[in-house]
Amino acid sequence: MLAAVIFDFDGVIFDSETPEYESHKRLYAEYGVPLTVDEWCDAIGTWTADHDDRRYEALCARTTRPPAREVYHQRRHDIFEQLRPDAPMTGILDLLSALGRERIATAVASTAPARWVRSAIPRLRLESHFQAIVTGDDVARRKPAPDVYLEAVRRLGIDPGDAVAIEDSAPGVAAARAAGLRVVAIPHWLTATHDLAAADLRVTHAGELTVARLQALVAPVTK
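Residue numbering for the sequence shown is 70 to 292, as defined by the numbering used here.
Written as structure tokens, this is what we have:
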């Protein structure tokens, strides 16, 4: 029986991935350095303490006129804010509403820091839809480790086998599978090259999902 649906945040609920990439790409271009999709996409779904500075250091190593660190971060933030969408991704709000009507719990399990996730969800006016929000700051290990999903099901008080995760990246799918959840993959255009074969179902956007379709993923197998 389906007890909960647990969503990744970036690239699933909110398309932060596109403005994140484009803001870095445009800033790199200002200093004469290309930033390709292939170079970018391998890091999607993971996060480290030096996440923000890695891209800055990479630019500095490839340009003869590197910007000051604070200039880089402020400029990148300004471009991101200009590009960020003001609504959830396709089908998300309808799916959350349908799950709510069926009294199926929903949660967020994100590897991103709390300062980002917990500020972005209210801006999307989605805070009332989630019974739990787990971020990378709440666990010892980030994806592809299963920690955020294990913590989410613990907070919801359910068995992992009764939950479905919705992910867009290979590290996310691996994390959910390791935690014992069924997984739906919705690849973002920046994760199209990720290996998502371990997912139980793959769709192009959340509008293709229904409560019945998600329930079928956790239904017992009949002989």
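Glycine included, every Cβ here is placed at the ideal spot set by N, Cα and C.
Practice item. Report buried or exposed for methionine 70, applying the criterion of at least 16 other Cβ atoms within 10 angstroms of its Cβ. Key: The C-beta of methionine 70 has fewer than 16 other C-beta atoms within 10 Å across all chains shown, which makes the residue exposed.
Check your understanding: Span of the alpha helix (DSSP H) holding isoleucine 113?
Key -> Unbroken run through isoleucine 113: none, as it is neither H nor E.
Requested in this report: Compute the Euclidean distance between the alpha carbons of serine 197 and proline 88, then round it to the nearest angstrom.
Outcome: Straight through space, the alpha carbons of proline 88 and serine 197 are spaced by roughly 25 Å.
Discussion item. Under DSSP, the alpha helix (DSSP H) around glutamate 139 begins and ends at which residues?
Written reply: Unbroken alpha helix (DSSP H) run through glutamate 139: 138–152.
Option nearest valine 203 by Cα separation, candidates Ser188, Leu193 and Arg224: Checking every option, the nearest Cα to that of valine 203 belongs to Arg224.
Q: Name the residue from His142, Leu152 and Arg282 whose alpha carbon lies nearest to the alpha carbon of glutamate 86.
A: Comparing Cα-Cα distances from glutamate 86 to each of His142, Leu152 and Arg282, the minimum goes to Leu152.
**Study point:** Extent of the continuous alpha helix (DSSP H) run through threonine 87
**Key:** Where threonine 87 is concerned, the enclosing alpha helix (DSSP H) stretches over 86–99.
Check: Looking at C-alpha atoms only, which residue of Ala137, Gly276, Ile227 and Ala285 is the closest neighbour of serine 294?
Finding: Beyond the ends of the chain as shown, which are 70 and 292, falls residue 294; an answer cannot be given.
Q | Proximity below 8 Å, CB of valine 287 to CB of leucine 265 | A | In this structure, valine 287 lies away from leucine 265, with their beta-carbon atoms at least 8 Å apart.
C-alpha distance - leucine 283 paired with valine 102, whole-angstrom precision
Between the alpha carbons of leucine 283 and valine 102 lies a distance of about 44 Å.
Item checked: Three-pair Cβ contact test at 8 Å for the segment 174–194 versus the segment 76–83 -> Between the segment 174–194 and the segment 76–83, the count of C-beta pairs closer than 8 Å reaches three or more; the two stretches touch.
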